[in-house]
Amino acid sequence: MRDLSDYCCQNSECSDYGKRGGEKLNWNGWSGKGKQIRMIYCRTCKRSFSERKGTALFESRLPEEEALGILHHLSEGCGIRHTGRLTHHSKDTVNRYAKVSGKHAKAAHDELVSFSPEYERGPV
Ligand SMILES: [Zn+2]
Numbered sequence: 492m493r494d495l496s497d498y499c500c501q502n503s504e505c506s507d508y509g510k511r512g513g514e515k516l517n518w519n520g521w522s523g524k525g526k527q528i529r530m531i532y533c534r535t536c537k538r539s540f541s542e543r544k545g546t547a548l549f550e551s552r553l554p555e556e557e558a559l560g561i562l563h564h565l566s567e568g569c570g571i572r573h574t575g576r577l578t579h580h581s582k583d584t585v586n587r588y589a590k591v592s593g594k595h596a597k598a599a600h601d602e603l604v605s606f607s608p609e610y611e612r613g614p615v
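This note's numbering applies: residue 492 is where the sequence shown begins, and numbers increase by one.
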């Protein structure tokens with residue numbers, strides 16, 4: 492289970508939006524089927540959001556272990572149908588997770604890589 496310091500406010504209109512550290516955040520109950528997803532409350536903007544908001548698992552209907560199992564198989568290079576057979580989910584479910592995680596990975600890549608120092612390449 493992750494610590495509050497790993498999270499940040501997800502309200503784009505909040506002055507603490509995107510600031511990690513958790514100083515202005517509190518745990519605020521549970522959501523989801525079986526109450527397995529924690530809710531986080533921002534004391535700055537007084538809004539609550541799911542701990543999954545801003546992640547590839549946001550609005551996921553599967554338990555975390557199953558969703559991560561699908562993503563793990565995909566990251567290891569398994570195809571959609573192969574992953575579906577191994578994880579006992581339909582190819583449509585696997586395809587949906589592939590699309591969502593792909594968009595999330597692209598956004599993370601664009602944010603992280605765009606601020607990386609330039610790679611200095613020597614003569615070829
Ligand atoms: Zn906030």
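Ideal Cβ positions, reconstructed from N, Cα and C, are used throughout, including at glycine.
The beta carbon of E504 sits closer than 6 Å to no other beta carbon from its chain once the five residues preceding and following it are set aside. Distance from the C-beta of Y508 to the nearest heavy atom of ligand 1 is below 7 Å. A direct Cα-to-Cα measurement between G568 and K590 gives close to 15 Å. Around the CB of E556, fewer than 16 other CB atoms lie within 10 Å, so the residue is classed as exposed.
Fewer than three Cβ pairs drawn from the segment 528-536 and the segment 568-578 lie within less than 8 Å of each other, which leaves the two stretches out of contact.
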